[in-house]
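Chains as they are written, first to last, in the numbering used here: chain A, 3 to 201; chain B, -5 to 152; chain C, 9 to 327.
Below: the structure, in structure tokens.
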Amino acid sequence: MSERELDQQLVERVQRGEKRAFDLLVAKYQKRLGRLLSRFIKDSADVEDVTQEAFVKAYRALPSFRGESAFYTWLYRIGINTAKNFLVANGRKPMVHAGVEDEDGETLDLSSQVPDFHTPEADLMNQQILATVNQAVEALPEDLRTAITLREMDGLSYDEIAQVMGCPIGTVRSRIFRAREAIATQLRPLLDTSKDKRW
Amino acid sequence: MNEKISALMDGELSPNEVDDVSDALLAEESLSACWSEYHLIGEAMRRNGVLTLDVREKVSARLRDEPTVLSPRAPLRQRPVRRYAAMAATVAFAAAVGWVGFGQDPASQVVVAQAVPVSQDVFAPVSGVEAPYLAAHQEAAGGGLVRVSMAAGAKVAH
Amino acid sequence: MRGLLLPFAVTLLGAGSVHASAADDWALLGKAAAVARTQPLAGSYLHQVGSAAETFRIERAQAHGKVRERRVSLDGLPREVIRNGDAVVSAGPDPRALQAAKASSVKLFPALLPEGVDALQQGYTLTRLGQSRVAMRDCQWLELKPREAGQRYALRLCVDGKSHLPLKTMTLTPQGQVVESFSFIDLNLNVGKLKVDVKPAYKLSAKSSAQRAAADTPTPALELRGMPAGFTLVQAGERRLPGDEGAAPVQHFVYSDGLVMLSVFAEPGAQARTTGAHGYGALSVVSDPEGDYQLTLVGELPEASLAAIARGLRISKKP
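Encoded structure:
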């Protein structure tokens, strides 16, 4: 089952009344959506608010989502419109042209505002996560590192990775899992200590 | 179970396993934490700059007060598509595009030469002060549609 | 060999002996305009501007009166322009390519003519020239020449003898110099039930549609007078310039004579960014002060003509 199909299945679960399935979609997409929105909203607290608002709107609109587009493109559109409304409400005119299209077919410029997202604390935490993950990846045995890199950086399927690495698909699956677990083991202490902090 | 979650998020779990694994994911907090961590790792590897953003609890809290959504229709089945690719639009660049290599007067060639010092044989962006005007004109003239609508208007008038 | 040559000789003779009337020529141009817009086809064409050249692949299908068309650049920046009925979508992998795609969407060869070509009679004369061969097909040259000599470019089209599809076009200066040219390299008109995917292949896309463009922009606070006869205002509004959204908005007027698009930007002189005149292929840019305002004209006209138009324009605030 592909990622898109998986998303669709989670969506269907929400549509059948399982709110918890939506939490999984939030966990999966919040940082991608946040990164998108940070390109045209400067303040990090604002980005977080708009991201949150976008997810709530998406939840309310979910009965009308019929799977004609991928869930994430649909979510991005909602995010962009939420951001546009936010900018208008705050007296900042949304920039049009050359960028991502919103629902009205207008384009939002994602490029002309330099994101100024980082508060010192958030920046530090960000750096720590990046450094930890980076070091953990570097420390992996080569076959695990290759497998996880081909998956996360290059977006290859298990089948493609199996061809590249010349091993069975089952081995790919196991290597990627072991890589993730090894990295997560390094990451967890960092996430635990920061849990009481707002991040 | 964690290995299955890893395969699930990559879209590599067989359909008959998906239901069980998603059920477990929804039921057990430790598993959904694992789901979040694995996704965080991916974002960090792709150098996402907003890794500290976390709205899970706030969204969840707000949804508790929301009426449960129920879809009136059975959703469409989709054919599989390739993996999600990160959204583009990162470069701060909005130049108009013109063609270089032609200019009737020396002045235009100077402008072009400044903007594009290399290859003169293909389409290249122009970045002089007039670039925004060119871009705006091209947007307005884009699609050849104004021609269509104007002709339609003219026909009505006749 | 004789069998091959004979039909060609007959065609040549036919063109010389039968003098087609002007009305017939306009009718042929009308057919060419319609076919250029709707004829199902698959092929590649070359687009040349000055010394720059690019090739595109185009595929077009028609079903229930609705055209589905996709054109993809084969060199230069990767980009595509998709037409689905009245909607045109430009797409590219990054903002720069998207901008290039928008530029490519200005002229959707072979559909360079307006739907009702009769409206062109006011500003242009039509002449039948010689014959030629393009993409292994015989074609007839037609020339649209501006009535006021030296003001606008002339357009030549070589129209397919069988289908009436324009196979090649040339834009010429008043001095007869070619500034832009489109030409099919290979062409298949027998495409059967061709399937054209209208979903953009790239991440970034922008849609343009005439209705939306007209509806979206607020009415400008200014009035322009002095535009030469033949140019009709097709769009007017206040806007921010792409890539310059931080700056104050400008008034944007778009005129067309059916063949040529002309933009006039008006802004208070103090904020204007550009002066002088520049040429980019067939596209010219001219800036000229007018009262308290700075006018910037962008259009597919010779620079000198654009400058003359700019000098003749008068601007006033709407009461």
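Backbone N, C-alpha and C fix where the C-beta goes; we use that ideal spot for every residue, glycine too.
Note that the structure is a prediction, hence the values are computed from the model and not measured.
Near chain B, meaning a CB-to-CB distance below 9 Å, the residues of the stretch 155 to 175 of chain A are Met155, Gly157, Leu158, Ser159, Tyr160, Asp161, Ile171, Val174, Arg175. With a 10 Å radius around the Cβ and a threshold of 16 neighbouring Cβ atoms, Arg155(C) comes out exposed. Of the residues Ile(-1)(B), Ala125(B), Pro9(B), the one whose Cα lies closest to the Cα of Leu19(B) is Ile(-1)(B). Going by beta carbons, Tyr210(C) and Gly100(C) fall inside the 8 Å limit. Taken through DSSP and simplified to helix, strand or coil, Thr46(B) comes out as coil.
If you check the CB distance, Ala214(C) and Leu134(C) do not come in under 8 Å. When C-alpha distances from Pro174(C) are compared across Arg76(C), Ala41(C), Ser313(C), the shortest belongs to Ala41(C). For His33(B), there is no enclosing beta strand (DSSP E); the residue is found in the alpha helix (DSSP H) stretching over 23 to 39. Non-local C-beta neighbours of Val294(C) in its own chain, meaning closer than 6 Å and more than five positions away in sequence, comprise Ala285, Leu305, Leu314, Ala315, Ala318, ordered along the chain. Residues of the stretch 92 to 115 of chain C with a C-beta less than 7 Å from any C-beta of chain B: Asp94, Val96, Ser98, Pro101, Asp102, Pro103, Arg104, Gln107, Ala108, Lys110, Ala111, Ser113, Val114, Lys115, listed in chain order. In chain order, Leu146 place their CB closer than 6 Å to the CB of Arg180(A), counting only its own chain and leaving out the 5 sequence neighbours on each side. At a cut-off of 8 Å, the C-beta of Ala23(A) has a neighbouring C-beta in chain B. Against chain B, a Cβ distance below 7 Å from Gln54(A) picks out Val49, Lys52, Val53. If the five residues before and after Thr181(C) are omitted, its C-beta is found closer than 7 Å to the C-beta atoms of Tyr161, Val187, Pro310, all from its own chain and listed in chain order. For Phe190(C), the nearest beta carbon of chain B is not closer than 8 Å to its own beta carbon.
In this structure Phe117(C) is not in contact with His172(C), their Cβ atoms being roughly 15 Å apart against a cut-off of 8 Å. Bounds of the beta strand (DSSP E) holding Lys325(C) are 322 to 325. Burial state of Leu82(C) is exposed, judged by a 10 Å Cβ sphere holding fewer than 16 other Cβ atoms. DSSP, reduced to helix, strand and coil, places Asn196(C) within a strand of the structure shown. Listed by position along chain A, the residues whose Cβ is nearer than 8 Å to that of Met(-5)(B) form an empty set, because the closest Cβ is around 11 Å away.
DSSP places Ala209(C) outside both helix and strand once states are collapsed to three, so it counts as coil. Our two residues, Asn196(C) and Leu49(C), have alpha carbons roughly 6 Å apart in a direct line. Its Cα nearest to that of Val97(C), the residue Val80(C) stands out among Gly84(C), Val80(C), Leu85(C). His33(B) is outside the set of residues whose beta carbon lies under 8 Å from a beta carbon in chain C.
By the beta-carbon neighbour count (other beta carbons within 10 angstroms, threshold 16), His72(C) is exposed.
The alpha helix (DSSP H) runs of length 4 or more contained entirely in the stretch 38 to 120 of chain C are, from start to end of the chain, 103 to 112. Taking Arg50(B) as reference, the option from Gln54(A), Pro143(A), Ser66(A), Ala60(A) with the minimal CA-CA separation is Gln54(A). In this structure, DSSP gives His131(B) a helical state, which the three-state scheme calls helix. Close CB contacts of Pro250(C) within its chain, under the 8 Å cut and outside five residues either way in sequence, are with Gln107 (chain order).
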